[in-house]
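> Heads up, the sequence shown is in our numbering, so the first residue is 115 and it goes up one at a time. Glycine included, C-beta positions come from ideal geometry on N, C-alpha and C. I'd like to ask you about the structure that follows.
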Amino acid sequence: MRLMVLRYINLWTAFFKNSLTRDMEFKMNFIGDLFIDTIFYGSMYFFWSIIFSYVDVLGDFNQQAVIIFLIVMYLTDTVFVFFFGSNTFTLNTMVVKGELDFVLIKPVNSQFFLSLRYVSSYAIVSFVILFFLLLKLLYDYHGQFYFMDLIIFIISFTMGILIFYCIEFIISCLVFWYRNFSVGGWLSSEMTKYSRRPDSIYKGKFRRIVFSVFPMAMITSVPARTLIFGPDIYLLSTQFLVTIVFLCLTRLIWIRGVKLYESASS
């Protein structure tokens with residue numbers, strides 16, 4: 115088991131080195147990706163600035179808390195893009211062109227290879243800036259650092275990333291049933307946009323849904339709440355359960371989808 119884990123860590127390290135070399139050869143793409151991220155972050159901040167020009171609070175979140183939520187959301191997007199963003203929706207093209215054959219015959223876990231093959235190295239720059247900005251905002255908000263909350267936040271943040279990955283990967287796997295599911299990226303964007311809003315704006319049955327079967331609030335709101343209001347055992351336990359369920363579901367759907375796959379040689 116230990117040797118297998120080390121093997122996959124070494125494999126991912128090779129992926130990272132290869133991707134970094136490629137990104138450094140096309141520096142304008144690297145800079146362009148950073149510019150696009152800046153536009154995205156700015157547009158979201160502008161949107162919430164307009165909202166708070168009319169209201170003082172959104173449920174449990176005041177303006178300071180929403181800004182912290184936004185930084186957590188930016189970090190979630192950045193880390194997701196770093197590990198998975200260049201990979202999940204390449205599956206549609208691979209299935210349509212029959213290129214998935216080359217992945218399936220490799221002596222490694224095919225889901226691991228497909229999910230982590232390319233690394234978006236430019237996201238490191240965004241991550242460093244956003245992380246230190248988050249620390250500053252937290253200090254301004256609380257007047258001190260609660261290190262235990264930060265540790266629990268990192269755990270919750272990781273689970274949020276995994277839920278994000280599971281949702282995108284499950285959507286991308288629909289290509290096995292539809293043979294060509296090019297709208298997967300659009301569908302994922304429409305679904306995950308609900309994770310980019312503080313959970314306190316959702317009420318009634320829909321609020322219960324985004325904390326369970328459609329776990330958008332688990333991606334960003336639960337980690338952000340840990341930093342702003344402190345750990346909530348119920349929410350963290352639910353997030354852990356949802357993460358396990360979705361990881362298992364992702365694996366089952368991938369195995370079933372591969373069985374349905376008609377290779378280029380068929």
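Can you check which of these residues, 366, 165, 265, 258, is closest to residue 350 by C-alpha distance?
265
> Roughly how far, in whole angstroms, is the beta-carbon of residue 183 from the beta-carbon of residue 175, given that I think they are within contact range, below 8 angstroms?
6 angstroms
> Restricting to Cα atoms, I'd like to know which of 330, 147, 142, 370 is closest to residue 240.
147
> From residue 353 to residue 325, what does the alpha carbon distance come to, in whole angstroms?
8 angstroms
> Could you pull out every residue in the same chain whose Cβ sits closer than 6 angstroms to the Cβ of residue 210, ignoring the five residues on either side in sequence?
294
> Does the segment 307-316 come within contact of the segment 221-241, defined as at least 3 CB pairs closer than 8 angstroms?
no
> Can you look up residue 194 in the DSSP assignment and give me helix, strand or coil?
helix
> Please work out which residues of its chain come closer than 8 angstroms, Cβ to Cβ, to residue 253, disregarding the five sequence neighbours upstream and downstream, and give them in chain order.
Contacts found: 259.
> The alpha helix (DSSP H) spanning residue 146 covers which residue range?
141-165
> Assuming residue 207 is part of the alpha helix (DSSP H), what are its boundary residues?
205-211
> I want to know whether the segment 320-339 touches the segment 262-277 - three or more CB-CB distances under 8 angstroms.
yes
> Would you call residue 312 buried or exposed, if buried means 16 or more other Cβ atoms sit within 10 Å of its Cβ?
Buried, because 16 or more other Cβ atoms sit within 10 Å of the Cβ of residue 312.
> Going by C-alpha distance, which of 292, 277, 290, 289 is nearest residue 305?
277
> According to the neighbour-count rule (16 or more other Cβ atoms, all chains shown, within 10 Å of its Cβ), is residue 138 buried or exposed?
Flag for residue 138 reads exposed.
> Suppose you measure from the CA of residue 328 to the CA of residue 298; what does that come to, to the nearest Å?
17 angstroms
> For residue 215, report the span of its alpha helix (DSSP H) as first-last.
Unbroken alpha helix (DSSP H) run through residue 215: 214-218.
> Tell me the rounded alpha-carbon separation between residue 346 and residue 190.
20 angstroms
> On a Cα-Cα basis, can you pick out the residue from 231, 257, 292, 226 that is closest to residue 136?
231
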